[in-house]
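In the numbering used here, the protein residues as written are 28 to 313.
Ideal placement from N, C-alpha and C gives every residue a C-beta, glycine not left out.
Below: the structure, in structure tokens.
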Ligand code: PAF
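As structure tokens, then:
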């Protein structure tokens, strides 16, 4: 089964116009390729949400704050298309950089508040580049619904804010993080881990869950941070960029589970930066 691949906004619009004229609704799953089971779960959810499904594949140079990371990002379009073909995806939109950012392109979308801190503090320009391309992808596809993974939890908050602020007529659906059997959150960057790093990587998820369990039982994160850092160092991790608790409703910094929260972390394993997050709910006291 082969999959239709479209490279320009004009061809994409023509396809979507025909579907909408026939009364179909459209879901989009934006990706940067190197598809794994987490992406495929988003595609399965997209099929339940709408009659037509578009997957986008664009390694967006504007959201990389580091030229080495952009150069090393896996590019596997043929394999990606082969994975999508049997899943009932209607179209793969894979524009080139020139189609997405023609000469003279000069607009940036910047979302204040939720973009600040966490990855926003450590990856300057990342969320501006991400928000700009996501806004373009949502406008180009005209999708009724767009699906994103909770693994990039701060990204999800930025996208929700952006679609509300710009009145984009799209519903954002979040899907839970898909994990390997040993707990490691699926990520295209995992392909860059060597065998030893891959063996150490699940420690990030384990430390997050153990810390989240203590917070749920009443502890404050500020008292647990040092231990969590030591556990990661012992497992073989390099610098921990952040380990933070944020309230789920307004994404403000919190130190305990008096409100439903997310515990989020970013840490380096060799030259690979891994991020992960888990929900934290206070255990009700009798
Ligand atoms: O999560 C990603 O893969 C990217 O940030 C996204 C949303 C496709 C925008 O480039």
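- Within 7 Å of the C-beta of residue 58 there is at least one heavy atom belonging to the ligand PAF.
- Membership of residue 261 in the alpha helix (DSSP H) is indicated by the continuous run 252-262.
- Rounded to whole angstroms, residue 196 and residue 190 show a C-alpha spacing of 8 Å.
- Comparing alpha-carbon positions, the option among 60, 231, 224 and 306 lying closest to residue 257 turns out to be 231.
- For the pair residue 179 and residue 235, the CB atoms are not nearer than the 8 Å cut-off.
- Remark: the C-beta of residue 304 is outside contact range of the ligand PAF, defined as less than 7 Å to any heavy atom.
- In this structure, residue 179 has its beta carbon less than 7 Å from a heavy atom of the ligand PAF.
- Remark: three or more beta-carbon pairs, one from each stretch, lie closer than 8 Å, so the region 69-78 and the region 39-59 are flagged as touching.
- DSSP, read as helix, strand or coil, puts residue 33 in strand.
- Scanning its chain for C-beta atoms nearer than 7 Å, with the 5 sequence neighbours on each side dropped, one finds around residue 34 the residues 121, 122, 123 and 126, in chain order.
- Distance between residue 198 and residue 131, taken at the CA atoms: about 31 Å.
- Under the DSSP definition of a beta bridge, residue 175 partners with 201.
- Put simply, of 61, 67 and 43 the residue whose alpha carbon is nearest the alpha carbon of residue 202 is 67.
- Using a Cβ distance threshold of 8 Å, residue 296 and residue 224 count as a contacting pair.
- For residue 310, the closest C-alpha among the options 246, 253 and 261 is that of 246.
- Residues of the same chain with a CB within less than 7 Å of the CB of residue 58, apart from the 5 flanking positions on each side, are 66, 82, 83 and 84 in chain order.
- In the three-state scheme derived from DSSP, where H, G and I count as helix and E and B as strand, residue 220 is classed as coil.
- In the three-state reduction of the DSSP assignment, residue 94 falls in the helix class, which pools H, G and I.
- Secondary structure of residue 57 (DSSP, three-state): strand.
- The region 166-175 makes no contact with the region 132-142, as fewer than three CB pairs between them are under 8 Å.
- Between residue 118 and residue 31, the gap from beta carbon to beta carbon is short of 8 Å.
- Taking the CA atoms as reference points, residue 210 sits about 34 Å from residue 163.
- As a beta-bridge residue in DSSP terms, residue 291 pairs with 271 and 304.
- In this structure, the beta-carbon distance from residue 268 to residue 294 falls below 8 Å.
- When distances are taken from the beta-carbon of residue 217 to the heavy atoms of the ligand PAF, even the shortest one reaches 7 Å or more.
- Here residue 142 is near residue 185, since their CB atoms are less than 8 Å apart.
- Only residues of its own chain outside the window of five on either side were considered, and among them 299 have a CB closer than 6 Å to the CB of residue 219, listed in chain order.
- Set against 7 Å, the gap from the CB of residue 161 to the closest heavy atom of the ligand PAF is smaller.
- Here residue 140 is exposed. Its C-beta has fewer than 16 other C-beta atoms within 10 Å.
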